[in-house]
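Protein chains in written order, with the working numbering: chain V, 1197 to 1607; chain S, 1197 to 1607; chain A, 393 to 548; chain R, 393 to 548.
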Amino acid sequence: MTTFDPRLVRADTPLLTRIINGRPITYLDSAASSLPPRPVIDAMSRHYERQHANVHRGVYQTANESTQSYEGAREAIARFIHAPAGGEEIVFTKNATEGFNLLAKSWAASNLRSGDVVLVSEMEHHANIVPWFQLRESIDIEVRFIPVGDDYRLDLGNIDELMKGVRLVSVTAMSNVLGTVTPLKQLARIAHEHDALIAVDAAQLVGHAPSDVVDLDVDFFIFSAHKMLGPTGLGILWTRRDILNTMPPFLGGGGMIADVSTSGYVPAKGPTRFEAGTPPIAEAAGLSAAVTYLEGLGMENVARHDRDLTQDALSRIDDEFGGRVRIVGPVDTDHRGGVISLDVEGVHAHDVAQVLDQFGVCVRPGHHCAKPLMKRFNLTATARASFGPYSLVSDTDVLLEALTDAVKLFG
Amino acid sequence: MTTFDPRLVRADTPLLTRIINGRPITYLDSAASSLPPRPVIDAMSRHYERQHANVHRGVYQTANESTQSYEGAREAIARFIHAPAGGEEIVFTKNATEGFNLLAKSWAASNLRSGDVVLVSEMEHHANIVPWFQLRESIDIEVRFIPVGDDYRLDLGNIDELMKGVRLVSVTAMSNVLGTVTPLKQLARIAHEHDALIAVDAAQLVGHAPSDVVDLDVDFFIFSAHKMLGPTGLGILWTRRDILNTMPPFLGGGGMIADVSTSGYVPAKGPTRFEAGTPPIAEAAGLSAAVTYLEGLGMENVARHDRDLTQDALSRIDDEFGGRVRIVGPVDTDHRGGVISLDVEGVHAHDVAQVLDQFGVCVRPGHHCAKPLMKRFNLTATARASFGPYSLVSDTDVLLEALTDAVKLFG
Amino acid sequence: MSNLEDLYREVILDHYRSPRNRGELETPPALRVEGFNPLCGDEVVVYLLVDNGVLTDIKMTGHGCSISQSSSSLMSAAVKGKSLEQVRGLITTFKTLMTVHESSIDSSEPPPLQDVRALGELAALQGVVKFPVRIKCATLAWNTLNQGLDELSAID
Amino acid sequence: MSNLEDLYREVILDHYRSPRNRGELETPPALRVEGFNPLCGDEVVVYLLVDNGVLTDIKMTGHGCSISQSSSSLMSAAVKGKSLEQVRGLITTFKTLMTVHESSIDSSEPPPLQDVRALGELAALQGVVKFPVRIKCATLAWNTLNQGLDELSAID
Ligand SMILES: Cc1ncc(COP(=O)(O)O)c(C=O)c1O
Ligand SMILES: Cc1ncc(COP(=O)(O)O)c(C=O)c1O
């Protein structure tokens, strides 16, 4: 087993040396975007300094190096999520959101018929909601929502009823608001029993726990590099090769074609069919470095660390503030990850975050791109703290200190 | 006037210190992707090291800094191309190709009717062809091509005929194969006289000459950061605010909404409507630095430098090789930019590029994502050399030396 | 924490805790206008009753952070009973205060004195300009009121 | 330039300049198969005439770089008149040569001697493996031939 020490990760993360308002930064916003460690930043600089060139079709040395680096990132990601057929199943997008648009506008648009149902949940991110509403403008599909119970977990009591007419189940692996972890294996089984496919929003999962698409038995797996210590500008869509090969093109342009004439075009085969234009080349180099770095930490270790921090924070918030600060999410760490949404009585999330900023504490206020979920719980905003592999118990100390001040100010 | 010295640009460009096959690199592939100078690379590293956070909705300091940096990039680009209403007219995409897809799938899909014509040219990049063929799958538009004459320039002899039924003229500012510069002002006038709009593929223009969307009087202006000394993963679409505000959403997800419920969504206003998901934040910081850098060089100077290098190279290639090496493009630098496609008699472009690589010379062989143009001239591939602001006459020296070897080897 | 005290002055916290003119008015005769900040989800609904060129009554509902809520409460108290012309003047003064500051944050230039004086209690909001992201919280109610006045004059 | 001489051996340049078995065969009886490399635009068309389990004739057209064109010329010379079984054997040997090398470029391991010998003149192509991007040029004709054999056996 790899040894894992969050203090070493911290030492690798340049941003954590910043001083904010006279205090060392306390970064608790990894659910929005994670902080890349030095090797990831350097991999991208090195790309531009040493090997940058456009990929494919090049014969000269740096073009080869760039191509190999780009294709190597596909292999690295395939390995990381255990894609059975390797890089041939990995499509690079610009972010997780584009992944869902690709799913909706390519696979779903060509496979769903009027009356078919896409089953999402009430706790989805807008990325896994809006593309389905957009699809509804051209095909009369139904977008159905699995309800979230008062225990902040998916309510599967009526799942057989809910599954009627469903062709695709598209759910998050972990809510970016509640922290709730969804029972993916169970949902995959249910979906397949009903001859439906299952897509997973893995944006909050991949940087925080081991991911195995074969073990989960899912059909699509979508996430973003910037939430797994990687760069912005790069997302990933995995699907099984047999599905990928039947999907029609999405965006059109260079790189995704086999042939073009003045009368029409023939799309390319494989992942490049979905990668129109110059891809995120330097970003892919950064992603490879992030994968290597996370593998070095060991994802089991990262997951345990998240769980320990979460457990500690939940019980201390409860001890310290009781009913004054409500935790919007499950309290049992068996059913949740390291994303903690807080509702401070009588204090708006924006004000909480503003006070916390004075302590150098970075938490995110707002609806977290999950407005249907907010409405479900009659909230307009929460203040959300979330952990990364560089987080320490001392971050929670500062969070509590700052929260105390916020409560006092508005008390 | 700014003083401009390409040797200083060279000194700023780390990649140009590389040794390839025992020789200093001779980078002649800027038309495929340019080499970012130190300040651009550093701006991105610094972003990750000092201020990285997800943009919008954040209250804490680094989130504000990231947001300001991201929105500041919009303003920088607006200034650079003289967008009349500033950053509100700038949409960030993942590359120029996505810009054309946005144009086709948002503006055109909602404005064109069956039978309408989109007029492109025979020398377009696939990015400005394939999206129109894709649109044709849902609306029965005609994609019509302005022919390219034997002088390698647009043949506008029949333009009145060609304009019949045209709603959009979508043309490149400069061919990435021939180097041909198109008469944009004339085309804009023609388009507007026929009540059509005009979109410009400025991918090959923006990094090489001053760009002024008001002076050109065009309606859409689309390009990529990575061809103007900026990073991969970032493209730009400019359009007039009155047009932008009427365009329906493109990709769906977080950031592009005003409201979402379980029954539907309301899109946001302004450029963010078209920016679903976490945007290319670090890349935008890099782009700002690239704009500042180019402004420091002075785009007039960059254009003159390109012209001088091209003039010199064209006449020396002709002197040295005569008919043996054919220049595929206009020879008069009034009608062309710094992209030189070569057709070496009896030697395939791949072999030319391979031999050149032995001299550390980077040129691109292939169809350059312009297959209709290649067919027009009965070519399957050319070997293309292209300049950047760091290029020197000595690069041409090495190119000629290597070409001599290639011609000899296959002689 | 001095910055923070600048932002959260007593007047602001007081208006946040006990908002003035909260409630609804019957429409018609009142006009109802909605304001919305999509980025943070703040909402404000303004009811305007105008009689003979005078804003005789104003009520407000909505939810949001202390800045947006106190700003709307402070605004309602400031504009109630004023002539529409005076109201427009106040809107302009307030928004200028917010913008002038926004562009002069770095130079820390103080706002023109006469403007601040004209605003009375409202001047408590001037600490907001040190927190640029919060400016849109402070101006939400004012933009909504402005929109209401525009609709009213369009009806005329 | 020693690398380059490895790639562009005399045999290769010779076959590139004077390709063997160039032309078409009447279909039917011959089978026509097209191969295409979308990345670089290389094209090859193979015509196969099979009689009683023997590849009695082969012709090829197409265009592309010296590697793809010489490889197809060399291939046609090597397979013509051979039994289909022998042809399949040659395809396997050739492709193994290209792949074995591809993964052992760094170690500069020489290819197994018997394989190279079996290939005869074809062995001239072994320099290609030092240029990984060009491997697909060298294998294009072979993949196309292989596809043709698959189609033939599907007909049976
Ligand atoms: C003329 C032209 N248009 C469009 C593009 C597409 O740009 P990108 O690949 O960055 O989307 C390119 C470059 O490849 C180009 O040269
Ligand atoms: C659960 C979840 N899904 C999807 C997304 C969208 O990711 P991105 O913004 O990188 O497209 C996010 C993050 O914002 C998320 O938390």
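C-beta: ideal position from N, C-alpha, C; glycine also.
Since this is a predicted model, take the numbers as computed values, not measurements.
Please list the terminal residues of the continuous alpha helix (DSSP H) segment that includes residue i.
i, result
"residue 1386 of chain V", "1380-1389"
"residue 1517 of chain S", "1495-1517"
"residue 1561 of chain V", "Where residue 1561 of chain V is concerned, there is no enclosing alpha helix (DSSP H), although the beta strand (DSSP E) it sits in stretches over 1560-1562."
"residue 1340 of chain S", "Not the alpha helix (DSSP H): residue 1340 of chain S falls in the beta strand (DSSP E), residues 1338-1342."
"residue 1259 of chain S", "1257-1277"
"residue 1377 of chain V", "Premise fails: residue 1377 of chain V is in no alpha helix (DSSP H) and is neither H nor E."
"residue 1590 of chain V", "1589-1605"
"residue 1368 of chain S", "Run containing residue 1368 of chain S: none in the alpha helix (DSSP H); it sits in the beta strand (DSSP E), 1362-1368."
"residue 406 of chain R", "402-409"
"residue 1240 of chain V", "1234-1242"
"residue 538 of chain R", "524-547"
Go ahead and label residue i buried or exposed: buried means 16 or more other beta carbons lie within 10 angstroms of its beta carbon, across all protein chains shown.
i, result
"residue 536 of chain R", "buried"
"residue 1209 of chain S", "buried"
"residue 1197 of chain V", "Because the pLDDT at residue 1197 of chain V is just 48, under 50, the model does not fix this residue reliably, and the point stays unresolved."
"residue 1547 of chain S", "buried"
"residue 494 of chain R", "Any reading at residue 494 of chain R must be qualified, since the residue scores a pLDDT of 46, below 50, and its modelled position is unreliable; the value itself is stated next. So residue 494 of chain R ends up on the exposed side."
"residue 1215 of chain V", "exposed"
"residue 420 of chain A", "exposed"
"residue 1357 of chain V", "exposed"
"residue 402 of chain R", "exposed"
"residue 1301 of chain V", "buried"
"residue 546 of chain A", "exposed"
"residue 1532 of chain S", "buried"
"residue 1222 of chain V", "buried"
"residue 1462 of chain V", "exposed"
"residue 1171 of chain V", "The displayed coordinates of chain V run from 1197 to 1607. Any statement about residue 1171 of chain V would go beyond what the structure contains."
"residue 411 of chain A", "buried"
"residue 1584 of chain S", "buried"
"residue 500 of chain A", "Since pLDDT at residue 500 of chain A reaches only 49, below the 50 mark, its modelled position is unreliable, and the value read off the structure follows with that caveat. With fewer than 16 other Cβ atoms within 10 Å, it is exposed."
"residue 1354 of chain S", "exposed"
"residue 1213 of chain S", "exposed"
"residue 1306 of chain V", "exposed"
"residue 1206 of chain S", "buried"
"residue 1473 of chain V", "buried"
Starting from residue i and walking both ways along the beta strand (DSSP E), at which residues does that stretch end?
i, result
"residue 1571 of chain V", "Unbroken run through residue 1571 of chain V is the alpha helix (DSSP H), 1567-1572; no beta strand (DSSP E)."
"residue 1435 of chain S", "1431-1435"
"residue 1463 of chain S", "1461-1463"
"residue 1579 of chain V", "1578-1582"
"residue 1454 of chain S", "1453-1456"
Quick one: is residue i near chain D, going by C-beta distance under 9 Å?
i, result
"residue 1419 of chain V", "Judged by its chain identifiers, the structure shown contains no chain D, and its protein chains are V, S, A and R."
> Is the segment 429-439 of chain R in contact with the segment 1558-1568 of chain S, if contact means three or more CB pairs nearer than 8 Å?
Replying inline: yes
> Fully enclosed by the segment 1281-1324 of chain V, which alpha helix (DSSP H) runs are 4 residues long or longer?
Replying inline: 1292-1298
> Are there three or more Cβ pairs, one per stretch, closer than 8 Å when the segment 1457-1473 of chain V is compared with the segment 1515-1525 of chain V?
Replying inline: no
>> Contact between the segment 1273-1291 of chain V and the segment 1335-1347 of chain V is defined here as three or more beta-carbon pairs at a separation below 8 Å; is this criterion met?
In response: no
> Unbroken beta strand (DSSP E) runs of length 3 or more, entirely within the segment 1393-1436 of chain V: which are they?
Replying inline: 1393-1397, 1416-1420, 1431-1435
> Fully enclosed by the segment 428-488 of chain A, which beta strand (DSSP E) runs are 3 residues long or longer?
Replying inline: 434-443, 446-455
>> Suppose only complete runs of 3+ residues qualify. What are the beta strand (DSSP E) ranges in the segment 1519-1554 of chain S, listed by chain order?
In response: 1521-1523, 1535-1540
>> Taking 8 Å as the cut-off, does the segment 1476-1486 of chain V touch the segment 1351-1369 of chain S (at least 3 CB pairs, one atom from each stretch)?
In response: no
> Counting Cβ pairs closer than 8 Å, one from the segment 1544-1558 of chain S and one from the segment 457-473 of chain R, do we hit at least three?
Replying inline: yes
>> With three or more C-beta pairs closer than 8 Å as the rule, is the segment 1255-1272 of chain S touching the segment 1387-1406 of chain S?
In response: no
> Can you find at least 3 beta carbon pairs, one from the segment 1411-1420 of chain V and one from the segment 1378-1387 of chain V, that sit closer than 8 Å?
Replying inline: yes
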